[in-house]
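K.L.:
Remember, the working numbering sits 306 above the position in the sequence shown when you count from 1.
Beta carbons are placed, not taken as given, at the ideal position from N, Cα and C, and that holds for glycine.
Here the structure is a predicted model, which is why all the values come from computation and not from measurement.
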Amino acid sequence: MKPIILDVDTGVDDALAIAYAVRSPELRLLGLTTCFGNVPVDEATRNTLYVLERLGSDAPVLQGAQEPLRRKRKEAVRHIHGEKGLGGVLDIAPARKAERQHAVDFIIEQVRKLPGQVTIVSVGPLTNLALAVQKDPGIAEWVDQVVIMGGAVRVPGNVTPHAEANIHSDPEAADTVFRSGLPITLVGLDVTLKTLLARDALAAWRRKDPELGGFLAEMTDFYIDFYESCLPGAGGCALHDPLAVGVAVSADFVTAEPLHVQVRLDGEELGRTGELPGGRPNMRVCLDVRADEFVKHFLSRVI
Ligand code: RIB
Ligand code: CA
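1. Could you check the C-alpha separation between LEU522 and THR351 for me, to the nearest Å?
2. Pick out whichever of PRO331, ASP313 and ASP527 has its Cα sitting closest to the Cα of VAL608.
3. Label ALA509 either buried or exposed according to how many other C-beta atoms from any shown protein chain fall within 10 Å of its C-beta, with 16 as the threshold for buried.
4. Quick check on the burial criterion: 16 or more other C-beta atoms within 10 angstroms. Buried or exposed for HIS474?
5. What would DSSP say about ALA382, mapped onto helix, strand or coil?
6. Whose C-alpha, out of LEU605, ARG570 and GLY552, is nearest the C-alpha of LEU333?
7. Tell me, please, whether the region 429-438 touches the region 385-400 by the rule of three or more beta-carbon pairs shorter than 8 angstroms.
8. Less than 7 angstroms between the CB of GLY393 and some heavy atom of ligand 2, yes or no?
9. Taking GLN610 and PRO309 to be in contact with their CB atoms under 8 angstroms, please state how far apart those CB atoms are, rounded to whole angstroms.
10. Hey, HIS408 and LEU368: beta-carbon distance below 8 angstroms or not?
11. Skipping 5 residues on each side, what residues in its chain have a beta carbon closer than 8 angstroms to that of LEU375?
12. Note down, in chain order, each residue of its chain lying with its Cβ closer than 7 angstroms to the Cβ of GLY520, except the 5 sequence neighbours on either side.
13. What does THR339 pair with, by DSSP beta-bridge criteria?
14. Go through the residues and name those whose CB comes closer than 6 angstroms to any heavy atom of ligand 1, in chain order.
15. Helix, strand or coil for ARG377? Go by DSSP, reduced to three states.
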């Protein structure tokens, strides 16, 4: 079992990624760290605790960054992830609280405790990870793998024509992480937009397990509505954050290439993740995905 830390800004697709991770026997969830992003960090923490409760998991939750490293935090994207971040689910009152330890200290502690073993799957802005390598740069050589949902290397962005949301939310954090020497696999829009969770799957979830399936379906319905408002006829939504978990479960879902990727820190291309041709590779970038195989696997696990 691979020990993992899942760093989230729980929104709808983060919640699906949490369900996938909790239900994957290949992974041992050491803890979930939270960051601002889709919603403010205290809401991301609340949502994470609630999703875990619905899944019957007692994995520890550790709250992290409230703000980007150097910029003002952007507004929550409630039109995409719902009023409270979990789509149409509004009654979100988890019984449990987050641990007292800060997310950044937890990341450093776990990597030091299990040298060479920990996989960090980051599916929100990279602020917690950037703060961890700034505080203890030595951890970079002791992390087994960092799987990042973020970036758009050979495709357009989703928040601007150039930038993907997680990187755009804190470009300086992404820049810090990309320069840190951490062993990164980038799961960006190049591959996540090739995945599709069809709306039909929601009816099947509701039938199979009215409790948990009903909860996940209510949440995801809202997210699919947003997708369809942008892409009429899409028939579903992309599985951005779940694909990062999928890559931690099995690298065979994707084809990746070693590349040097840089983040634009100013101008109209702010947050762009561009290749530096001929540059020394600083990560593996996923460029293709066996989408049907992955979606089938995801569906076989969550409910
Ligand atoms: O661009 C997709 C990413 O932005 C996902 O992590 C989603 O949850 C949002 O944060
Ligand atoms: Ca996310």
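P.N.:
Let me lay it out:
1. 18 angstroms
2. Closest by alpha carbon: PRO331.
3. exposed
4. buried
5. coil
6. GLY552
7. no
8. no
9. With the chain represented from 307 up to 609, any question about residue 610 goes unanswered, as that position is not in the structure.
10. yes
11. Excluding sequence neighbours, LEU375 sits near THR433, ALA436, LEU437, ASP476, GLU478, ALA479 and THR482.
12. ARG512
13. Bridge partners of THR339: ASP313 and LEU368.
14. ASP315, GLY317, ASP319, ASP320, GLY343, ASN344, VAL429, GLY430, MET455, ASN464, GLU470, ALA471, ASN472, HIS546 and ASP547
15. coil
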